[in-house]
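Here's the structure, in structure tokens; my notes come after.
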Amino acid sequence: MNTLGIALLAGLAGSTLAVTLYGAAAAPTEHGLDLAEMDRSVRPGDDFFAFADGNWVKTTPIPADRSSYSSFAILAEQASRRTADLIREAGSKPGGAGPEAAMVGDYYAAFMDEKGIEARGASPLKPELDAIAAIADPTALARYLGGELRADVDPLNNTNFHTDRLFGLWVSPDFDDPARNEAYLLQGGLGMPDRDYYLGTAERDRDLQARYRAHIAAVFTLGGFGDAAARAARVYDLELLIAKTHVSRADSLEVEKAHNRWPLSSFAERAPGLDWQAYFAAAGLAAQKDVMVWHPSATVGIAALVASQPLATWKDYLVFHALDRGSPFLSRPFVDEHFAFYGKALTGAVEQRERWKRAVDRTNDALGEMVGKLYVARYFPPQAKATAEAMVRNIIEAFRHRIDALAWMTPATRAKAKAKLDTLYVGIGYPDTWRDYKGLVVKRDDAFGNRERSELFDYRAALADLGRPVDPKRWRMTPQTVNAVNLPLQNALNFPAAILDRPFFDAATDAAQNYGGIGVVIGHEISHSFDDQGSLFDAQGRLANWWTPEDFAHFRAAADRLAKQYDAYEPLPGEHINGKLTLSENLADVAGLAAAFDGYRAANGGKEGPAAQGWSGDQRFFLSFAQIWRSAYRPQALHASLLTNGHAPGQYRVYTVRNLDAWYRAFDVQPGAKLYLAPAGRVLIW
Ligand SMILES: [Zn+2]
Numbered sequence: 020m021n022t023l024g025i026a027l028l029a030g031l032a033g034s035t036l037a038v039t040l041y042g043a044a045a046a047p048t049e050h051g052l053d054l055a056e057m058d059r060s061v062r063p064g065d066d067f068f069a070f071a072d073g074n075w076v077k078t079t080p081i082p083a084d085r086s087s088y089s090s091f092a093i094l095a096e097q098a099s100r101r102t103a104d105l106i107r108e109a110g111s112k113p114g115g116a117g118p119e120a121a122m123v124g125d126y127y128a129a130f131m132d133e134k135g136i137e138a139r140g141a142s143p144l145k146p147e148l149d150a151i152a153a154i155a156d157p158t159a160l161a162r163y164l165g166g167e168l169r170a171d172v173d174p175l176n177n178t179n180f181h182t183d184r185l186f187g188l189w190v191s192p193d194f195d196d197p198a199r200n201e202a203y204l205l206q207g208g209l210g211m212p213d214r215d216y217y218l219g220t221a222e223r224d225r226d227l228q229a230r231y232r233a234h235i236a237a238v239f240t241l242g243g244f245g246d247a248a249a250r251a252a253r254v255y256d257l258e259l260l261i262a263k264t265h266v267s268r269a270d271s272l273e274v275e276k277a278h279n280r281w282p283l284s285s286f287a288e289r290a291p292g293l294d295w296q297a298y299f300a301a302a303g304l305a306a307q308k309d310v311m312v313w314h315p316s317a318t319v320g321i322a323a324l325v326a327s328q329p330l331a332t333w334k335d336y337l338v339f340h341a342l343d344r345g346s347p348f349l350s351r352p353f354v355d356e357h358f359a360f361y362g363k364a365l366t367g368a369v370e371q372r373e374r375w376k377r378a379v380d381r382t383n384d385a386l387g388e389m390v391g392k393l394y395v396a397r398y399f400p401p402q403a404k405a406t407a408e409a410m411v412r413n414i415i416e417a418f419r420h421r422i423d424a425l426a427w428m429t430p431a432t433r434a435k436a437k438a439k440l441d442t443l444y445v446g447i448g449y450p451d452t453w454r455d456y457k458g459l460v461v462k463r464d465d466a467f468g469n470r471e472r473s474e475l476f477d478y479r480a481a482l483a484d485l486g487r488p489v490d491p492k493r494w495r496m497t498p499q500t501v502n503a504v505n506l507p508l509q510n511a512l513n514f515p516a517a518i519l520d521r522p523f524f525d526a527a528t529d530a531a532q533n534y535g536g537i538g539v540v541i542g543h544e545i546s547h548s549f550d551d552q553g554s555l556f557d558a559q560g561r562l563a564n565w566w567t568p569e570d571f572a573h574f575r576a577a578a579d580r581l582a583k584q585y586d587a588y589e590p591l592p593g594e595h596i597n598g599k600l601t602l603s604e605n606l607a608d609v610a611g612l613a614a615a616f617d618g619y620r621a622a623n624g625g626k627e628g629p630a631a632q633g634w635s636g637d638q639r640f641f642l643s644f645a646q647i648w649r650s651a652y653r654p655q656a657l658h659a660s661l662l663t664n665g666h667a668p669g670q671y672r673v674y675t676v677r678n679l680d681a682w683y684r685a686f687d688v689q690p691g692a693k694l695y696l697a698p699a700g701r702v703l704i705w
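Read in the working numbering, the sequence shown has 418 at position 399, and its numbers run on one by one without any break.
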């Protein structure tokens with residue numbers, strides 16, 4: 020259900036933005052549609068993707084280091100280059116361009132100060148290692164564990180479930196009372212990304228497990244600890260026990276299973292073994308009345324391990340993770356060992372990325388909104404924001420009309436859907452109020468300390484939120500990110516500035532093109548708030564299903580027809596799209612396209628927009644839609660996508676047009692054309 024958070028980008032650009040940065044492809048620089056990328060030898064009704072994008076597919080090679088390529092990927096490369104330039108520029112003139120650019124610049128420069136970093140070796144870690152050495156009893160252990168809790172997970176918006184600390188904290192609106200913030204506690208404690216890495220028994224799994232054990236030993240040796248192999252064995256065995264308490268990724272995604280409110284006073288009884296009073300006091304959570312426990316069984320299991328495993332083992336475990344976590348900010352041997360396992364062994368990366376690129380990423384991680392402010396100042400003028408916001412108003416209005424006209428939804432549910440539309444916040448470009456980094460100390464000669472202070476600063480900011488009312492307009496994605504996110508507990512959407520760019524959006528082009536581009540993306544995301552996923556959260560963001568079983572049955576019936584439509588596509592010989600796997604996203608594509616078309620017409624006084632570049636307004640709308648889904652895959656990537664991706668490949672997302680009557684009119688598509696569907700066969704759920 021959390022595909023809400025992944026947004027539609029995940030389907031194409033992949034999630035590993037870091038390895039895709041700084042490519043050389045250029046985003047289109049001209050205003051208007053990219054007509055040279057069409058293939059006019061194809062009839063639009065036979066293959067609308069080939070008609071609109073055929074020449075692009077023929078003339079655009081997939082870069083050697085990629086398995087697929089797309090409009091999204093090209094735009095992400097552009098945003099990364101811009102972000103990198105802004106950060107490096109800030110780093111090149113100490114204190115020169117104002118206090119914020121100075122902080123960004125100092126963070127970057129500190130990471131780039133290799134000479135200073137080498138000279139300091141592992142010494143920045145000394146205070147932490149001393150503190151671990153001083154742990155003498157279970158209460159002191161609990162206090163240490165509580166003190167290292169950080170706000171480093173986000174299960175619902177950005178679907179980040181991993182932390183190598185024993186637990187992870189997420190501060191977010193309360194499931195039952197979304198006007199207040201609640202503390203959510205998640206399972207953690209593993210160095211590898213998921214419990215399956217520990218529990219897998221295939222050869223590949225066993226190989227990686229052996230490599231991880233070797234990595235743990237190597238880190239102990241680098242840190243100057245004797246008896247490294249024995250320590251590594253103990254630490255690995257402890258993590259294996261922790262992994263066995265964890266629930267699966269699939270279970271973590273079922274938000275209703277996370278709805279477990281535990282009074283703070285009940286932890287000792289429900290999850291004995293960890294001195295919870297000491298833990299919460301050290302974590303700064305002692306004043307909290309209750310905590311939402313996302314993974315109750317793992318919480319019970321992990322707390323029991325704290326008591327049942329020897330204190331000395333726990334201390335080794337803490338030493339290893341302190342060294343391991345700090346490694347990217349320490350001297351060369353630590354950096355190289357970190358890459359050897361987390362880069363090479365775990366992800367198959369061949370070469371470590373250049374230091375300046377890592378510095379850019381680390382700066383972006385730590386000071387995201389501050390970098391975002393610089394990004395917006397240069398690349399997202401107020402006029403662009405105003406234009407996009409006007410589009411949002413028209414698309415929301417289109418949804419309102421569509422909900423009114425829905426035959427399958429019961430009147431009571433329809434009223435609730437409209438209430439949800441009334442309270443929806445759609446953030447465009449960047450937040451109304453920027454995050455305040457006041458109090459964060461960034462030093463130009465302390466890369467390690469900068470990172471520690473930044474994480475602690477984020478954690479304290481999260482704790483401070485616990486005492487404040489929820490701000491539904493709070494952003495959860497930085498403006499320089501090419502993506503979009505649905506925030507169900509805030510009933511809100513964020514569309515960052517970096518995705519509001521060509522070919523998705525251009526304030527200097529016409530409504531037809533913009534609505535066919537980013538307008539469809541906006542409509543797609545809005546529709547997720549009202550589908551089977553969105554039905555779990557009401558107008559205030561409360562976790563409360565507002566659909567009747569009757570609504571659900573009707574929705575399913577219509578949805579089944581769309582699933583069949585996609586099942587019929589065969590991207591590789593013998594391999595079909597899985598209509599069920601991709602259903603939610605395909606539904607959102609149909610809804611988004613329909614609502615955006617209405618919005619575009621509304622922006623033109625209810626009529627067709629003017630012709631331009633030789634194409635009518637309606638034609639431009641659909642051509643623009645096809646342009647944003649330009650994409651090419653290597654066969655292996657296409658194969659993997661068909662098996663696991665909740666989004667259909669770009670080409671088939673373009674075929675969404677078959678369900679809209681307006682597309683048939685715009686291109687005069689008649690029976691006999693390959694994409695033709697008889698009116699009764701077209702699926703329109705919203
Ligand atoms: Zn989606």
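Think of the CB as a built atom: it goes at the ideal place given N, C-alpha and C, for glycine as much as any other residue.
Distance from the C-beta of Ala607 to the nearest heavy atom of ligand 1 is below 8 Å. Between Val254 and Asp335 the beta-carbon gap is near 5 Å, inside 8 Å, which marks them as a contact. Within 8 Å of the C-beta of Glu627 there is not a single heavy atom belonging to ligand 1. Inter-residue distance for Ala656 and Gly665 is about 14 Å (C-alpha atoms, whole angstroms).
Arg280 sits in a strand when the DSSP states are folded into three classes.
Counted as a single uninterrupted DSSP element, the beta strand (DSSP E) harbouring Ile447 occupies residues 444 to 448. In terms of side-chain proximity, the C-beta atom of Ser650 is found no nearer than 8 Å to any non-hydrogen atom of ligand 1. Not one heavy atom of ligand 1 sits closer than 8 Å to the Cβ of Ser643. The alpha carbon of Arg351 has as its nearest neighbour, out of Asn279, Ile447, Arg463, Glu133, the alpha carbon of Glu133.
Contact between the segment 88 to 96 and the segment 105 to 121 is absent: fewer than three C-beta pairs spanning the two stretches fall below 8 Å. In the three-state scheme derived from DSSP, where H, G and I count as helix and E and B as strand, Gly187 is classed as strand.
Taking 9 Å as the cut-off, the beta carbon of Tyr588 is found closer than this to the beta carbon of Tyr671. The segment 293 to 377 contains, as complete beta strand (DSSP E) runs of 3+ residues, the segments 309 to 312 (chain order). In this structure, Glu544 has its CB closer than 8 Å to one or more heavy atoms of ligand 1. Rounded to whole angstroms, the gap between the alpha carbons of Phe358 and Arg139 is 20 Å. In this structure, DSSP gives Pro515 an extended state, which the three-state scheme calls strand. Taking non-hydrogen atoms of ligand 1 into account, the C-beta of Ser603 is found less than 8 Å away from one of them. When the five nearest sequence neighbours on each side are left out, the beta carbons in the same chain lying within less than 7 Å of the beta carbon of Leu485 are those of Val190, Asn200, Ala202, Gln307, in order along the chain.
Separation of the CB atoms of Asn513 and Val504 is rounded to 5 Å, and the pair is thereby assigned contact status at 8 Å.
At a Cβ-Cβ threshold of 9 Å, Phe353 and Lys439 do not count as neighbours. It is roughly 21 Å from the alpha-carbon of Ile447 to the alpha-carbon of His50. Apart from the 5 residues on each side of it in sequence, Thr442 sits with its Cβ closer than 6 Å to the Cβ of Asn510, Ala558 in its chain, given in chain order. By the C-beta density criterion, Asp195 is exposed, having fewer than 16 other C-beta atoms within 10 angstroms. As summarised for the segment 662 to 687, the continuous alpha helix (DSSP H) elements at least 4 residues long and confined to that stretch are 669 to 673, 680 to 686, given in chain order. In this structure, Arg454 lies near Glu388, with their beta-carbon atoms less than 9 Å apart. The beta-carbon separation of Ala269 and Ile414, rounded to 33 Å, does not stay under the 8 Å limit for a contact. Per DSSP, the beta-bridge partners of Tyr203 are Trp189, Met311. Taking one beta carbon from each stretch, the segment 262 to 277 and the segment 212 to 222 have 3 or more pairs nearer than 8 Å; the two touch. Taking C-beta separations shorter than 6 Å and ignoring five residues to either side along the sequence, the partners of Pro143 in its chain run Phe467, following chain order. Per the Cβ contact rule, the segment 307 to 326 is in contact with the segment 291 to 298 (3 or more Cβ pairs under 8 Å).
Secondary-structure assignment with DSSP links Asp173 through a beta bridge to Asn179. Around the Cβ of Gly345, a 10 Å sphere holds 16 or more other Cβ atoms; the residue is buried. Minimum Cα-Cα distance from Leu227 among the listed residues Asp213, Phe239, Thr240 corresponds to Asp213. Per DSSP, the continuous alpha helix (DSSP H) segment holding Val76 begins and ends at 67 to 78. Between Thr429 and Glu222, the CB-CB gap reaches or exceeds 9 Å.
Assignment of beta-bridge partners to Ala651 by DSSP yields Tyr88.
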